[in-house]
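Trainee: According to the numbering used here, the sequence shown is numbered sequentially starting from 57.
Heads up, the beta-carbon is just placed ideally off N, CA and C, and yes, glycines get one too.
Only a predicted model underlies this, so the values are computations on that prediction, with no experimental measurement involved.
Input: one structure, supplied below.
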Amino acid sequence: MKIILASLGYEPISYTDADKKHPHGYKHVENSESFYALGLPYIHAYLESKGHSVIHINHPTLDFDKSKDIIENKILTFSPDYIGFSMVTQNRVNTYRMIEYIHAVYPGIKIIIGGIHVTIMHKQLVEKYPYVIAVIGEGEITFNEIMDTNNLYTVKGIAFYDKGVIKTENRELINNLDILPFPKHPVQDNRTLAIVLSSRGCSYSCSFCVLNPHSKRIQRMRSVKNVVDEIEYLINFYPRLKSIFFADDAFMLNNDRVIEICKEIIKRKINHLQYFCSSRFKPFKKELLPYLKEAGFVSLMFGLESANENILKTCHKNIKIQDAIDTITLLKDSKMSLHIFLIVGLPGETKETVIETAHFIQKIQKIKYIAFYNHGPTIISVYPGTEIYELMKNSGNITDEYWLSDGPTPAYTLDYSIDELIKLKHVLIDRISFNPLSWEKIYYQTPMLFYIIKYCIEQKGFDYMIHSVVRFVCPDFLYNRLIKKYKEAKGI
57 MKIILASLGY EPISYTDADK KHPHGYKHVE NSESFYALGL PYIHAYLESK
107 GHSVIHINHP TLDFDKSKDI IENKILTFSP DYIGFSMVTQ NRVNTYRMIE
157 YIHAVYPGIK IIIGGIHVTI MHKQLVEKYP YVIAVIGEGE ITFNEIMDTN
207 NLYTVKGIAF YDKGVIKTEN RELINNLDIL PFPKHPVQDN RTLAIVLSSR
257 GCSYSCSFCV LNPHSKRIQR MRSVKNVVDE IEYLINFYPR LKSIFFADDA
307 FMLNNDRVIE ICKEIIKRKI NHLQYFCSSR FKPFKKELLP YLKEAGFVSL
357 MFGLESANEN ILKTCHKNIK IQDAIDTITL LKDSKMSLHI FLIVGLPGET
407 KETVIETAHF IQKIQKIKYI AFYNHGPTII SVYPGTEIYE LMKNSGNITD
457 EYWLSDGPTP AYTLDYSIDE LIKLKHVLID RISFNPLSWE KIYYQTPMLF
507 YIIKYCIEQK GFDYMIHSVV RFVCPDFLYN RLIKKYKEAK GI
């Protein structure tokens, strides 16, 4: 069989004019350091291993018309039997338009949809589009079985229409991830960053996260050998490779396994690369540090979300503020850069809790300075399948029908409008970010100047400081011109 796999463009980031001082909507440009999702690349590789012919189209930054032209050209030259679309909440509208177009113009092509949004909203989608097959959960084995059978009733983990919505028996999670071939990473000779998934799933159930319906609060891990084999493969695949990002949902959950991965990286002498990963403040033991250093880890990313204990408890983070202090203290002498993710608007949020979070961030910045940027903290987004969505739905603020509209992913809560959330976000940014766009921000950051200067010296980050000052003192037209000249000089 021949199949095209495609992922369409995400909705643009757009906010209201609540705060004119802070522009929004950062344009993402694909380049050699762009992140990329691995869902379709894994399916691509698995289908090819089973003898199918596959083309993968992934242009998350393109608008609908450009994506349509690319896909239509491939249809005319490749003549696929199937087209499979990866659908998340943020690209659902473009995907709706595309499957409607494909069905109308090329009715002989069978359409498969999958992804986290489909897993959660499959009944709604199959009712709306009775000509599609919806994959529920992991897609590798399911996609292959769809293409190898004439009887959809025998395929686990799908929904389709036959005088009503039919949902088949649940598909088991793939426990032995080593049976899967390495994903088909994008072909890009000048790529310097590659993405690796060493595990799937997470055992926690944060109220704002969509993973729970997909991974069932279970983390499954590839063997250490299999993970490091893929890194060696990527070194050969990308001649200019410099960095690896472990995109696991919970890479550090098993500290001992991380140590074993580090040991294998060191043993194979591939610690010349720079490694990045996300982590949790708990568990994080000091025995990790020498191994992370020798293996080449340069950056750790932690999800704190809020520094208010009640908010953390309500959203089921399963950490306490002291856990963050303990971990930052362990890392205070490390050369690794640290990043902390914050969310504004979680249930229970007020201006007072935002300021509480800001004060806590300043406290840990005095232990080890962590740089924040103007777009750093995020505003809570409401996704189907999350506890926060159920709260919104039960209160009558949103219904399931919203997801069939062309409305953007909601960024409002039971307590706040988007305008109010933007203002709360900048209450936080003004107190923790040395990237001044206002005199007020400089006022809040004055007590932190010693730590900022120390950070810039240690990280050789004077570019960061100079950029911040230039951004503040220059009008937009001059700032944009200077940045353009700077990038040209740096070859960026």
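State the CB to CB distance for the pair residue 357 and residue 336, rounded to an integer number of angstroms; the pair is presumed to be in contact (CB under 8 Å).
Mentor: Rounded, the Cβ-Cβ distance is 10 Å, inconsistent with contact.
Trainee: How long is the line joining the alpha carbons of residue 332 and residue 325, rounded to whole angstroms?
Mentor: Cα to Cα, residue 332 sits roughly 17 Å from residue 325.
Trainee: Which term fits residue 442, buried or exposed, when burial requires 16 or more other beta carbons within 10 angstroms of its beta carbon?
Mentor: Counting Cβ neighbours within 10 Å, residue 442 comes out buried, since at least 16 surround it.
Trainee: Would you say residue 188 and residue 155 are within 8 Å of each other, going by their C-beta atoms?
Mentor: Cβ distance < 8 Å, so residue 188 and residue 155 count as in contact.
Trainee: Does the beta-carbon distance from residue 99 to residue 199 come in below 8 Å?
Mentor: Yes. Within cutoff.
Trainee: Give the single residue among 299, 354 and 286 whose Cα lies nearest to the Cα of residue 390.
Mentor: When only C-alpha atoms are compared, the closest one is 354.
Trainee: For residue 195 versus residue 270, is the C-beta spacing smaller than 8 Å?
Mentor: Their beta carbons are not under 8 Å apart, which means residue 195 does not touch residue 270 by this criterion.
Trainee: Report back the beta-carbon spacing between residue 400 and residue 433 to the nearest angstrom; my notes put them in contact at under 8 Å.
Mentor: That belief holds up - the Cβ atoms of residue 400 and residue 433 are roughly 6 Å apart, short of 8 Å.
Trainee: Take the Cβ of residue 421 as the centre, count every other Cβ of all protein chains shown within 10 Å, and call the residue buried at 16 or more, exposed below.
Mentor: Under this definition residue 421 is a buried residue.
Trainee: Reducing DSSP to helix, strand and coil, say where residue 476 ends up.
Mentor: Three-state result, residue 476: helix.
Trainee: With a cut-off of 8 Å on the beta carbons, I'd call residue 312 and residue 279 a contact; round off their distance for me.
Mentor: The pair is not a contact, with the Cβ atoms about 14 Å apart (cut-off 8 Å).
Trainee: Which runs of the alpha helix (DSSP H) at least 4 residues long sit entirely within the stretch 234 to 282? Give them in chain order.
Mentor: The stretch 234 to 282 contains these whole alpha helix (DSSP H) runs: 268 to 271.
Trainee: What separation, rounded to the nearest whole angstrom, lies between the Cα atoms of residue 415 and residue 149?
Mentor: When rounded, the distance between both Cα atoms is 40 Å.
Trainee: Compute the beta-carbon to beta-carbon distance between residue 230 and residue 136, rounded to the nearest angstrom, for a pair I have assumed lies under 8 Å.
Mentor: Incorrect: roughly 25 Å between the Cβ atoms, too far for contact.
Trainee: Using the Cα positions of residue 454 and residue 107, report the straight-line distance between them to the nearest angstrom.
Mentor: Residue 454 and residue 107: Cα-Cα distance of roughly 44 Å.
Trainee: According to DSSP, is residue 435 part of a helix, a strand, or is it coil?
Mentor: Looking at residue 435 - three-state DSSP - the assignment turns out to be strand.
Trainee: So is residue 268 buried or exposed if we call it buried at 16+ other beta carbons inside 10 Å?
Mentor: It is buried - the Cβ of residue 268 has at least 16 other Cβ atoms within 10 Å.
Trainee: In whole angstroms, what is the alpha-carbon distance linking residue 101 and residue 170?
Mentor: Approximately 16 Å, taken between the alpha carbons.
Trainee: Does the stretch 473 to 483 come into contact with the stretch 155 to 167, if we say contact requires no fewer than three beta-carbon pairs (one atom in each stretch) closer than 8 Å?
Mentor: Flag = no, the stretch 473 to 483 and the stretch 155 to 167 do not touch.
Trainee: Can you list, in chain order, the stretches of the alpha helix (DSSP H) that have 4 or more residues and sit fully within the stretch 327 to 367?
Mentor: Complete alpha helix (DSSP H) runs here, min 4: 344 to 351.
Trainee: Can you give the beta carbon distance from residue 587 to residue 386, rounded, assuming they're within the 8 Å contact cut?
Mentor: No answer is possible for residue 587: the residues shown for the chain start at 57 and end at 548.
Trainee: On the DSSP bridge list, what partners appear for residue 400?
Mentor: In DSSP, residue 400 forms a bridge with 435.
Trainee: Excluding five sequence neighbours on each side, which residues of the same chain lie with their C-beta closer than 6 Å to the C-beta of residue 488?
Mentor: Excluding residues within five positions, the ones whose Cβ falls inside 6 Å are 414, 417 and 428.
Trainee: For residue 212, which residues of its own chain have a beta-carbon under 6 Å away from its beta-carbon, when the five flanking residues on both sides are left out?
Mentor: Counting only Cβ-Cβ distances below 6 Å, and skipping sequence neighbours, we find 224, 225 and 227.
Trainee: Taking residue 112 as part of the beta strand (DSSP E), name the residues at either end of that continuous run.
Mentor: Residue 112 -> beta strand (DSSP E) spans 109 to 114.
Trainee: Just to confirm my understanding: we take residue 303, look at its own chain, exclude 5 residues before and 5 after, and list those with CB closer than 6 Å. What are they?
Mentor: So the list reads 251 and 253, once near-sequence residues are dropped.
Trainee: DSSP has residue 299 in a bridge; who is on the other side?
Mentor: In the DSSP output, where bridge partners are listed per residue, residue 299 has 249 and 330.
Trainee: Check residue 124 in the structure and name its three-state DSSP category.
Mentor: The answer is helix: DSSP assigns residue 124 an H, G or I state.
Trainee: Note down, one range per segment and in chain order, each alpha helix (DSSP H) of at least 4 residues found wholly within the stretch 171 to 212.
Mentor: Listed in chain order, they are 172 to 184 and 196 to 203.
Trainee: Do you know offhand how far residue 58's Cα is from residue 246's?
Mentor: Answer to the nearest angstrom: the Cα atoms are 29 Å apart.
Trainee: Look up residue 451 in the DSSP assignment and give the residues it is bridged to.
Mentor: Paired residues: none, contrary to the question.
Trainee: With a Cβ-Cβ cutoff of 8 Å, do residue 436 and residue 467 count as a contact?
Mentor: For residue 436 and residue 467, yes; Cβs fall inside 8 Å.
Trainee: Hey, how far is the Cα of residue 369 from the Cα of residue 133?
Mentor: Rounded to the nearest angstrom, the two C-alpha atoms are 54 Å apart.
Trainee: By Cβ distance below 7 Å, which residues in the same chain neighbour residue 294 in space, the five residues on each side in sequence not counted?
Mentor: Excluding sequence neighbours, residue 294 sits near 247 and 250.
Trainee: Tell me, to the nearest whole angstrom, how far the beta carbon of residue 181 is from that of residue 191; I am working on the premise that it is less than 8 Å.
Mentor: Contact flag wrong, Cβ pair sits at about 11 Å.
Trainee: Taking 8 Å as the cut-off, decide whether the C-beta atoms of residue 184 and residue 460 are in contact.
Mentor: Yes.
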